[in-house]
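Enquirer:
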Amino acid sequence: MTEPRETFVSTPQGRTRVWRKGAGERVGVFAGIGGQPKWSPFLEALSQTRQVVAVSLPGFPGGPRSEGLDTHLDWIVAARDAMIAADLRGVHLVGASVGGALAAEMAALWPDDVKSLTLIAPFGLFVEAEPVADVFAQPPGGMSAILSRKPKEFDAFLAAPKGVDKAEWEIDALRARVAAAGIVWPLGDTGVSKRMARISAPTLFVWGDGDKVVPPAYSRRFGKAIAGKAKYKTVKNAGHVAEFDQPAAVAAAILAFLEA
Amino acid sequence: MKALWFHLMPYPDLKPDFKKKHNSVWVDIDPGVFDPEVGHRAYNEYIDELVHAAAMGFDGVCVNEHHSNAYGMMPSPNLIASALARETSDAAICVMGNSVALYNPPTRVAEEFAMIDCISGGRLIAGFPVGTPMDTCYAYGQNPALLRERYYEAIDFILRAWKEKKPFAFNGRFNKQRYVNAWPRPLQQERPPVWIPGGGSVETWRMCAEKDFVYANLSYFGYKASMASIGGFWKQMKELGKEPNPFQAGFLQFVGVANSRAEALDLYREPADYFYNRSFHTDPAYANPPGYTTEASVRAALGSQVMQAAEQSRRKVRADQSDIFDAGHVVIGSPDEVADTIRRACREMNVGNLMLLLHFGDMSAQLTRYNTDLFATKVLPQIKDLFEKEWENRWWPKGMNAAKRTLAGSTYEPVGIAAQ
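So the protein sequences, as listed, match chains A and B.
If you count by the numbering used here, then the first sequence holds residues 1 to 260, one letter each, in order.
If you count by the numbering used here, then the second sequence holds residues 1001 to 1420, one letter each, in order.
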């Protein structure tokens, strides 16, 4: 696995990291709950046949600060600005978890700018009978256990690489959690249900069968409400971070969806 | 030295197997545990205890705010404070305090505090806590990333509402209001003293130092745990070139007085055990939502010895809860022993406001009275003089001239007009 090409673009929020790798049709990626602290096997797999463009949202590793973002509108505008700066208008868009919540908004508000949409266990809805878990109220150091089917491996993936200042790395991770909370606190309901009918892009819903954060049944709730054609993929032996737990299977599902 | 009698108002009837059967006393506490008749008795008993403390010569009576919490039954301390404003005549009414970030618009807090100040004849101490994560982010659903900013804005809002001579428009980041017009106005002009109950955050120390607020470290783990946080506050004060007036700092201490240490152990072991092992059964999952502790405090904790010491002492005292008395979570002993410990702790920390929990856990009314009376008659006289000659206390309610005060019940005509 080789590293991606790293550039920085400027957005109204500040300096924003963009990782690119691969050739072919562009696929824009909004990362999930911890952001993209490292290049991952999932992005690597996706980059084998497509050009992956992973842009950092405010607060997440590589992104500008998120302190000024007070409302969901602020977050939507920031995500749109990142999309424009990374030249992602009109391409395929993939968003996971909290990044999925914002990717869904991009497709709802600017339907002409999203060629296809892939949502991996997106936040955005809340159903009382089948609630989204309180992902932040976990025992100290226990967040990976609710996110992943392979918590130890996930912790290792999130750990500071050799030669990097550990304290700064931890602060980056904390900022990512603050940003994630900023997007979905307290329930995960972002109000997107009012706008889902505006999503006209063909959309793939990918869900880990063992997602303990956003119930897999939400995929149908989401899919039925959009105007575009919905497809569904349940990934076996995967938790909320399905793209980490089963990178090959998730990437294969997305590539098959893009082929179709 | 100012001594304030502080009530947490715990729910007194948690069963011995509470810890085994329930996840937490806070946030997700089982509503079925609450018996309203027990609540009825407890509230009335607790108000009586506060009123009695005021009559026994404590300088102030103190209440605070918690939500979905069985060790603190005051979601609205203002309700209790208004009763105390009527039932006491000289003690300061210390509301410690209102979690102002939770109230939009914060006008409500400006109004209610002004009411308490008027009713009490200018005896209010206005406390503004940011509030614990359990109370604010979980029980009240506030976004931790924005809580502190909301908190600072709400304090500015309230202080301005008390100060301005005309209605004004407030165009804040979170609060937008065309007409801010706090009516009634606080009796103490331009405002009641402001005290900030806090843990050990850099921002809180700095705000208190800059804005001339009292910093009160409210730890349930005694003066040894408070020491590092109070030290952090004084360090901040020094850096800003402010004088170390002990009346600008306070701390909370559980105390159990008896005729001897042996008797104290015998009397207070059970209520202390009830507090630490039953009603303080909390879930750490609710303790640290992302953004509640600011990046500056996280950085300071990584880089500063003071912050590390504060954190370590917190962890340490939490670790040996079996040593409730030896570690000083609860100071117990004869009146002389207690007075000696308190004098030394206050001197060492340079703190002039002592907030006392003389009721804790499921302590009976009888034992609470015993503890209160022994403290008032035998400990208080030994500590009262501390700092009084050396320092001016600018953070205490000014109050109305006693001769001008209307006392509760004094305007009441026993025989109504109709009967006449």
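All C-beta atoms, glycine included, are put in the ideal place defined by N, C-alpha and C.
Here the structure is a predicted model, which means the values were calculated and not measured.
Please compile the residues from chain B whose C-beta is within a distance smaller than 8 Å of the C-beta of D113/A.
Expert: None at all; the shortest Cβ gap to chain B is about 28 Å.
Enquirer: Give every residue of the same chain whose Cβ lies closer than 7 Å to the Cβ of S1089/B, excluding the five residues on either side of it in the sequence, and list them in chain order.
Expert: If we look at S1089/B and ignore the five residues flanking it on each side, its Cβ neighbours are L1407.
Enquirer: In chain order, which alpha helix (DSSP H) runs of at least 4 residues are fully inside the region 1040-1118 of chain B?
Expert: Listed in chain order, they are 1077-1087.
Enquirer: So, does the CB of I146/A fall closer than 8 Å to a CB anywhere in chain B?
Expert: Not closer than 8 Å to any Cβ of chain B, the Cβ of I146/A fails to qualify, so no.
Enquirer: Touch check for the region 107-114 of chain A and the region 31-47 of chain A: three-plus C-beta pairs under 8 Å?
Expert: They do not touch, by the three-pair rule.
Enquirer: Does the beta-carbon distance from V77/A to V53/A come in below 8 Å?
Expert: No; because the gap between Cβ atoms is not below 8 Å, this pair is not in contact.
Enquirer: How far does the alpha helix (DSSP H) with I76/A in it extend, from its first residue to its last?
Expert: Segment H72 to A85, the alpha helix (DSSP H) holding I76/A.
Enquirer: Would you say A167/A lies against chain B (beta-carbon separation less than 8 Å)?
Expert: So yes, A167/A belongs to the interface.
Enquirer: Quick check: the region 1277-1289 of chain B against the region 1253-1268 of chain B, are at least 3 beta-carbon pairs closer than 8 Å?
Expert: Because the criterion of three Cβ pairs below 8 Å is not met, the region 1253-1268 of chain B and the region 1277-1289 of chain B do not touch.
Enquirer: Kindly indicate which residue of E1270/B, S1229/B and H1040/B has the alpha-carbon position closest to the one of A1249/B.
Expert: For A1249/B, the nearest C-alpha among the options comes from S1229/B.
Enquirer: Please tell me whether N1143/B has its Cβ less than 8 Å away from any Cβ of chain A.
Expert: So, interface residue.
Enquirer: Could you give the distance in angstroms between the alpha-carbon of M1357/B and the alpha-carbon of L1008/B?
Expert: Note on identity: in this sequence residue 1357/B is Leu, with Met being the wrong assignment. Going by the C-alpha atoms only, they are around 8 Å apart.
Enquirer: How about E1295/B: is its C-beta nearer than 8 Å to some C-beta of chain A?
Expert: True, the Cβ-Cβ gap to chain A drops below 8 Å.
Enquirer: If the cut is a Cβ gap below 7 Å, which residues of chain A does V1298/B touch?
Expert: Those within 7 Å of V1298/B in chain A are I171 and L174.
Enquirer: Is it buried or exposed, K166/A, if we count other Cβ atoms within 10 angstroms and call 16 or more buried?
Expert: By the neighbour-count rule (16 or more Cβ atoms within 10 Å), K166/A is not buried but exposed.
Enquirer: Compute the Euclidean distance between the alpha carbons of N1064/B and R149/A, then round it to the nearest angstrom.
Expert: Cα-Cα distance, rounded: 43 Å.
Enquirer: Flag P37/A as yes if its beta-carbon sits less than 8 Å from any beta-carbon of chain B, otherwise no.
Expert: No, no contact with chain B.
Enquirer: Identify, in the order they occur along the chain, each residue of the same chain with its Cβ nearer than 7 Å to the Cβ of G1121/B, setting aside the five sequence neighbours on each side.
Expert: L1187, G1399, M1400 and R1405, listed in sequence order.
Enquirer: Assign V1130/B to one of three DSSP states: helix, strand, or coil.
Expert: The answer is coil: DSSP assigns V1130/B none of H, G, I, E or B.
Enquirer: Can you find at least 3 beta carbon pairs, one from the region 119-130 of chain A and one from the region 1256-1271 of chain B, that sit closer than 8 Å?
Expert: The answer is no - the region 1256-1271 of chain B does not touch the region 119-130 of chain A, with fewer than three Cβ pairs under 8 Å.
Enquirer: Suppose contacts are defined by Cβ-Cβ distances below 8 Å. Is L119/A in contact with M106/A by that definition?
Expert: Cβ atoms of L119/A and M106/A: not closer than 8 Å.
Enquirer: For the 8 Å Cβ check, are there 3 or more pairs between the region 243-251 of chain A and the region 216-230 of chain A?
Expert: Taking 8 Å as the limit for Cβ pairs, the verdict is that the region 216-230 of chain A does not touch the region 243-251 of chain A.
Enquirer: From the DSSP output, read off the bridge partner residues of S116/A.
Expert: H92/A, per the DSSP bridge assignment.
Enquirer: Note down, in chain order, each residue of its chain lying with its Cβ closer than 8 Å to the Cβ of N1143/B, except the 5 sequence neighbours on either side.
Expert: Hits under 8 Å: C1137 and G1291.
Enquirer: Determine whether the Cβ of P1106/B lies closer than 8 Å to any Cβ atom of chain A.
Expert: It does not; no Cβ of chain A falls within 8 Å.
Enquirer: In the region 182-215 of chain A, which residues sit with their C-beta less than 7 Å from some C-beta in chain B, listed in chain order?
Expert: From the region 182-215 of chain A, only G182, W185 and P186 have a Cβ closer than 7 Å to chain B.
Enquirer: May I ask you to verify whether the region 192-208 of chain A touches the region 129-141 of chain A, counting CB pairs closer than 8 Å and requiring at least 3?
Expert: Not touching, per the Cβ criterion.
Enquirer: Under 7 Å Cβ to Cβ from W1205/B, same chain only, skipping five residues before and after it: list those, please.
Expert: Excluding residues within five positions, the ones whose Cβ falls inside 7 Å are Y1215, G1232, F1233 and Q1236.
Enquirer: Y1103/B CB to nearest chain A CB: under 8 Å?
Expert: Y1103/B does not count as touching chain A.
Enquirer: Residues in its own chain within less than 7 Å of N1181/B by CB, not counting five upstream and five downstream?
Expert: These residues qualify, in order along the chain: P1167.
Enquirer: How far does the alpha helix (DSSP H) with P151/A in it reach, from first residue to last?
Expert: P151 to L158 is the span of the alpha helix (DSSP H), which, as asked, contains P151/A.
Enquirer: Strictly by DSSP, which residues pair up with Q1253/B?
Expert: Q1253/B pairs with L1356/B.
Enquirer: Under a CB-based cut-off of 8 Å, is R1148/B close to chain A?
Expert: So no, R1148/B is outside the interface.
Enquirer: What separation, rounded to the nearest whole angstrom, lies between the Cα atoms of S1076/B and F154/A?
Expert: About 43 Å.
Enquirer: Could you check what DSSP says for D1035/B in three-state terms: helix, strand or coil?
Expert: Coil, per DSSP.
Enquirer: Quick one: which chain A residues come within Cβ less than 8 Å of Y1286/B?
Expert: Per Cβ cutoff of 8 Å: A137.
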